[in-house]
Amino acid sequence: MEMALAEARQAELMDEVPIGAIVVYHGKVIGAGHNMRERFQNAAYHAELLAIMEACEYLGSWRLEECDLYVTLEPCMMCSGAIMNSRIRTLYYGAKNPKAGTVESLYHLLSDSRFNHQVEIRSGIKENECQQLLKQFFKRVRKARKAARKSAQQKN
């Protein structure tokens with residue numbers, strides 16, 4: 024999870040929501056990613072998807088059956104779909120995502136037996152550190168927006 028947190032910090036340096044992910048295969052990191060939606064203006068550029076794409080390229084296969092994914096925030100619906108469809112073995116995540124999480128918060132997509140693949144789930148890994156990174160980021164964003172509004176009002 025330390026490596027996923029390092030990826031999240033890279034996102035924060037780019038003024039992206041600080042979420043990071045890594046894919047591990049037999050103890051080796053074969054995919055890493057952090058949010059880059061703002062930089063590329065692409066809704067699909069989530070940390071999990073970027074890490075999964077890199078891992079698929081490394082293995083030359085879309086099947087990541089012997090791989091584990093570490094991510095700092097509970098995945099959304101799009102990322103949960105990619106995790107399931109790539110056959111990730113185990114998902115380790117840090118902070119819960121009460122507004123968009125589809126692993127345990129809003130839905131239980133990865134453990135739903137109606138799908139053809141279920142993912143083992145381990146949550147709460149370095150949860151406080153993952154939460155604090157996100158809270159500090161959004162506090163800074165809100166403060167900057169408030170200052171921008173105040174500046175705009177003073178000009179009028």
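Sequential numbering from 24 applies to the sequence shown in the numbering used here. Here a beta-carbon is modelled for each residue, glycine too, at the ideal position from N, C-alpha and C. Owing to the predicted nature of the structure, the values given are computational and were not obtained by experimental measurement.
Report task. Taking 8 Å as the cut-off, decide whether the C-beta atoms of tyrosine 28 and lysine 149 are in contact. Result -> In the sequence shown, residue 28 corresponds to position 5, counting from 1. In the sequence shown, residue 149 corresponds to position 126, counting from 1. Just to set this straight, residue 28 is leucine in the shown sequence, not tyrosine. For leucine 28 and lysine 149, yes; Cβs fall inside 8 Å.
Query - Cβ-based neighbour list, tryptophan 85, same chain, cut-off 7 Å, excluding 5 preceding and 5 following - result: Stepping through the sequence shown from its first residue, residue 85 is reached at position 62. Cβ contact annotation for tryptophan 85 (same chain, cutoff 7 Å, sequence separation greater than five): Cys79, Ser109, in chain order.
Query raised in the report: Does DSSP put cysteine 90 in a helix, a strand or coil?
Result: Here residue 90 is taken as the residue at index 67 of the sequence shown, counted from 1. Reduced to three states, the DSSP call for cysteine 90 is strand.
Query raised in the report: Using the beta-carbon count (16 or more within 10 Å), is leucine 156 buried or exposed?
Result: Start at 1 with the first residue of the sequence shown, and residue 156 comes out as number 133. By the Cβ neighbour-count rule, leucine 156 is buried, with 16 or more other Cβ atoms within 10 Å of its own.
Query raised in the report: Terminal residues of the continuous alpha helix (DSSP H) containing lysine 173?
Result: Within the sequence shown, numbered from 1, the residue matching residue 173 stands at position 150. First-last of the alpha helix (DSSP H) with lysine 173: 150–178.
Query raised in the report: Would DSSP call glutamate 97 helix, strand or coil?
Result: Start at 1 with the first residue of the sequence shown, and residue 97 comes out as number 74. In the displayed model, glutamate 97 falls within coil according to three-state DSSP, outside both helix and strand.
Query raised in the report: Would you say isoleucine 45 and glutamate 61 are within 8 Å of each other, going by their C-beta atoms?
Result: As a working note, residue 45 is residue 22 in the sequence shown. As a working note, residue 61 is residue 38 in the sequence shown. Taking 8 Å as the cut-off, the Cβ atoms of isoleucine 45 and glutamate 61 do not count as close.
Query raised in the report: If you compare alpha carbons, which of Leu96, Gly147, Lys122 is closest to glycine 56?
Result: Counting from one through the sequence shown, the residue named residue 56 turns up at place 33. When Leu96, Gly147, Lys122 are compared, the shortest CA-CA separation from glycine 56 is found for Leu96.
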